[in-house]
Amino acid sequence: MTGQDDALAQQESAATSAALDGCIYSISAYPQPGVTPTVYDIRLFRQPIPTCAYGFGTVTLGTSVVYEPTRSVAINALGIAASYTRKSSVSGSAPITLSVHHVDPATLAVIRTNSLGVHLGAGNIVSENVAIAADGTTVTVSGTKTGVIWGESGSGSRYTASFPNFFTSTTAPTVAAFP
69 MTGQDDALAQ QESAATSAAL DGCIYSISAY PQPGVTPTVY DIRLFRQPIP TCAYGFGTVT
129 LGTSVVYEPT RSVAINALGI AASYTRKSSV SGSAPITLSV HHVDPATLAV IRTNSLGVHL
189 GAGNIVSENV AIAADGTTVT VSGTKTGVIW GESGSGSRYT ASFPNFFTST TAPTVAAFP
């Protein structure tokens, strides 16, 4: 399997929707109409089913220029963890970075935002998959990359960023790289 195939498999396995208390939360990317070059709005939607205490809602988490972002979402009683890759400029040298958000399930307010990128923009974060660890408070984002993420330990084309107490603090993540 090539690195590109592996990144595609990772993207396909990432969950783009999750459910809690009768509400379905999904993350999508939509091109803005009539905008050239293409700019994608990354949106989180809440879709109620009969037992959901909240109505339909949406929040725009960010944008990506030209590049259609990979994206994923995870949820528990403490909140929603949403992540996606993004490109901030049409420039070919603009890196693809990672954004991670803590979103309140009731209000859809963004409570916390973190960004990760390759050191000095010399590479890209190619894919991501957000998950909530068994302890219920640690959020991890794993995927593939080119280059070295600022502050990472280890080396290789795969990474895992761990955010301890993600829903209750602003503690910076630790990033581990591996082959």
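In terms of my numbering, the sequence shown is residues 69 to 247. Ideal placement from N, C-alpha and C gives every residue a C-beta, glycine not left out.
Mapping the DSSP letters down to three states, classify residue i as helix, strand or coil.
i	result
G125	strand
G189	helix
E80	Below a pLDDT of 50, predicted positions are generally treated as unreliable, and E80, at 44, falls in that range; the measurement from the model is reported next regardless. Helix.
S85	strand
V243	strand
N182	strand
S94	strand
S195	coil
S221	strand
P99	strand
S237	coil
D74	A caution first: D74 carries a pLDDT of 42, below 50, which makes its placement in the model unreliable, though a value can still be read off. In the structure shown, D74 sits in a helix (DSSP, three-state: H, G or I).
Would you grab the beta carbon distance between residue i and residue j for me? Rounded to a whole angstrom, and I think it's under 8 Å.
i	j	result
S161	S183	About 18 Å separates the two Cβ atoms, so there is no contact after all.
I66	I110	Here the chain comprises residues numbered 69 to 247, so residue 66 is not present and cannot be evaluated.
A87	L112	Actually they do not touch by this definition, with Cβ atoms about 14 Å apart.
L146	G204	7 Å
P247	G211	14 Å between Cβ atoms; not a contact.
T84	S94	6 Å
Whose CA, out of the options, lies closest to the CA of residue i?
i	options	result
T104	L176, S223, L112, S157	S157
T214	V186, T131, S151	V186
G125	G147, T239, V134, R114	R114
A97	L188, G189, S132, V141	S132
V243	V209, G130, V198, K155	V209
H169	F234, A202, G189	F234
R154	P173, E136, I148	E136
E220	I193, A177, A199, C120	I193
Y108	T128, I143, R226, A121	T128
A121	D89, V216, Q100, P101	D89
R180	P99, P101, I148	I148
N144	T206, A177, G102	T206
W24	A82, S159, P241	In the structure as shown, the chain begins at 69 and stops at 247. Residue 24 is therefore absent and cannot be evaluated.
T163	D172, R139, S140, V134	Correcting the residue identity first, residue 163 is Pro in this sequence and not Thr. Nearest option by C-alpha distance: V134.
Would you kindly report the start and end of the unbroken beta strand (DSSP E) that includes residue i?
i	result
V207	207–212
A229	226–231
Next item on the list: Only counting runs of 3 or more residues, tell me where the beta strand (DSSP E) segments fall wholly within the stretch 104–179, in order along the chain.
Entry: 107–116, 125–133, 139–144, 147–155, 164–171
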